[in-house]
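Peer 1:
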Amino acid sequence: MLLLAPCYDRLGMRGEAFAPETLDISEKRQLVRRIAESNSFRRAPRQREFLLYVADCTIANRLEGVREQAIAENVFHRDSGSYDLQDSIVRAEARNLRRRLDLYFETEGKHEPLAVSMPKGGYSLSFERRSVPIEREPAPAPVSATKVGPAPLPSSLPALSAEPRLARSLRFYKFICALLFASALAAFFLALHWRTVPASPVARPPALPFSALFDSALDTYIVTSDSSVLEMLLLSGQRIAVNDYIVRSYPEMPDKSRAIFQDMFNRFNNTNADEMSIAALIMRSNASVLSRTFLRSGHQLQLSDFKGHNVILIGSPISNPWAQLYTDRLNFQFDFNSERAITFHNKAPRRGELPDYPAPGDDQHHWSYAHLVFLPGISEPGSVLLIAGTTLGATTAAGEFLLDRSRLERELKLAGIDPSGAPRYFELLLRATTFTGGATQSEVIARRAGK
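Note that our numbering has the sequence shown beginning at 565, numbered continuously upward.
1. Can you name, in chain order, every residue of its own chain whose Cβ lies under 6 Å from the Cβ of Leu587, other than the five neighbours on each side?
2. Can you give the Cα-Cα distance for Ser883 and Asn625, rounded to whole angstroms?
3. Which first and last residues belong to the alpha helix (DSSP H) in which Ser792 is found?
4. With H, G and I counted as helix, E and B as strand and the rest as coil, what does DSSP make of Val811?
5. Figure out for me which residue from Val654, Ile876, Ser841, Ala996 has the closest Cα to the Cα of Thr857.
6. Measuring CA to CA, which of Pro919, Ser849, Gly872 is closest to Glu944?
7. Considering only the beta carbon of each residue, do Asn850 and Asp783 sit closer than 9 Å?
8. Would Glu628 be called buried (16 or more neighbouring beta carbons within 10 Å of its own) or exposed?
9. Excluding the 5 residues flanking Ala763 on each side, which residues of the same chain have their C-beta closer than 7 Å to its C-beta?
10. Closest to Leu797 by CA distance: which of Ser861, Ser841, Ala905, Asp869 is it?
11. Rounded to the nearest angstrom, what separates Tyr814 and His863 at their Cα positions?
12. Just to confirm the assignment, what range does the alpha helix (DSSP H) spanning Tyr668 have?
13. Less than 7 Å between C-beta atoms, sequence neighbours within five positions excluded: which residues of the same chain meet that for Glu1007?
14. Could you tell me the distance, in whole angstroms, from the CA atom of Met682 to the CA atom of Arg606?
15. List the DSSP bridge partners of Ser1072.
16. By DSSP, does Ser943 sit in helix, in strand, or in coil?
17. Can you tell me which of Tyr989, Pro983, Gln1005 puts its alpha carbon nearest to the alpha carbon of Leu772?
18. Under 9 Å, do Leu936 and Ala962 count as touching if we go by C-beta distance?
19. For a quick check, are the C-beta atoms of Phe990 and His930 less than 9 Å apart?
20. Would Ala986 pass as a contact of Arg1011 if the rule is Cβ separation under 9 Å?
21. Assuming Glu657 and Gln611 make a contact with CB atoms under 8 Å, what is their CB distance in whole Å?
22. Excluding the 5 residues preceding and the 5 following Pro913 in the sequence, name in chain order all residues of the same chain whose CB lies nearer than 8 Å to its CB.
23. Which residue comes first and which comes last in the alpha helix (DSSP H) that contains Ala843?
24. With a threshold of 6 Å on Cβ separation, who are the neighbours of Tyr921 within its own chain once the five nearest residues in sequence on each side are excluded?
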């Protein structure tokens, strides 16, 4: 459901025309409604709300409503009077909105009689009538009455134009994105409906950390990785910092074709099927307290979603940049070693602990590592749970450990935490052993307990 801003009246019939009189106001409103209900915009609620807001302000000629600060307050819920123009969220989302409008008129809206755009340099909309070509079936060729037989071939045939390599690449990438998304959905529903969680005759109340995360007073977001970030890392060789991720400012691509891929990353919400399976099992095991729980890809969130909410983040800070919001508060921090492999750096090693994991030789034992971290949110109230590993197998092993209530409670007690008591925060470092066939077995090798 969209939050209604003061300038947004569900495109109600109030205000006078702002655009030229030759275009009917009702036509404009109907066009905006069709765009907002299209597949492209239903998958992007932030751009949908942005579009509806600026459309209402433009059509009603309320120009004060399409200033950057007004949009930041009414659409992106920035605090009134404290918006910093250095915060480029409005400009970044305006670029995304322009691209999504172009995509609509190239696909679902290619036969629309009107076009709407957001000219650069401002945030009001421009409506104009467009000429849509009428597709007619070709007329049948006349049949000769005097001569029957094969028609003579021309002396030379026109060469078929070769399809640009880039177009083929883009179609292939779209296919891969669709396949990944379908796989993730399949994993989610299979996990939700087919995999079983042991049931007891009398339901036990949730223990830590779920007793704090699924609080009826707060919304809870379960957030999986943004697979596009990994693709961007492979293409550019650069990690994406959370500050850049917030405003969709991505590294420059080495060539033009990859720059177009960068645009596509803004359009698709890709995630990981195994992480979706973990998310589904978390939801299933806490089914009795899910009234305010939402499953999202990292691509679908904004910074305000982390304030005053509970959050479960699945994936490392590399594939799920939102996890970087909590890095400074961790003892076991993600890093890269000299070979560009993912590692955990132990800021304050205790007796028997190593400064970095994996250690040399761990590959011979098929060891990888993951952490489970329960922390206060970035603002009160709210808490966050981080589930991440140096490999996908390690992340999966951490998710399985989290859902094994008896093992989790035993480890929390070893850390001096009462699983059924008041919330206490913790870090657990796990070592996962991968066996032939992909099975994993995990054990906790280090613990930290907070207040």
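Glycine included, C-beta positions come from ideal geometry on N, C-alpha and C.
Peer 2: By the coordinates alone:
1. Phe691
2. 43 Å
3. Looking at the DSSP string, the run of the alpha helix (DSSP H) that includes Ser792 is 791-800.
4. Val811 carries a coil assignment under DSSP once its states are collapsed to helix, strand and coil.
5. Ile876
6. Gly872
7. No. Outside cutoff.
8. exposed
9. With a pLDDT of only 42 at Ala763, under 50, the local geometry of the prediction cannot be trusted, and the value read off the model is given with reservation. For Ala763, where only same-chain residues beyond five positions count, there are no Cβ hits under 7 Å.
10. Ala905
11. 13 Å
12. 653-670
13. Leu994, Arg995
14. 19 Å
15. Since the first and last residues shown for the chain are 565 and 1015, residue 1072 lies out of range.
16. Residue state, collapsed to three classes: coil.
17. Pro983
18. yes
19. no
20. no
21. 7 Å
22. Within its own chain, the residues whose Cβ lies closer than 8 Å to the Cβ of Pro913, once the five positions on either side in sequence are excluded, are Pro919, listed in chain order.
23. 837-849 is the extent of the alpha helix (DSSP H) around Ala843.
24. Phe908, Tyr933
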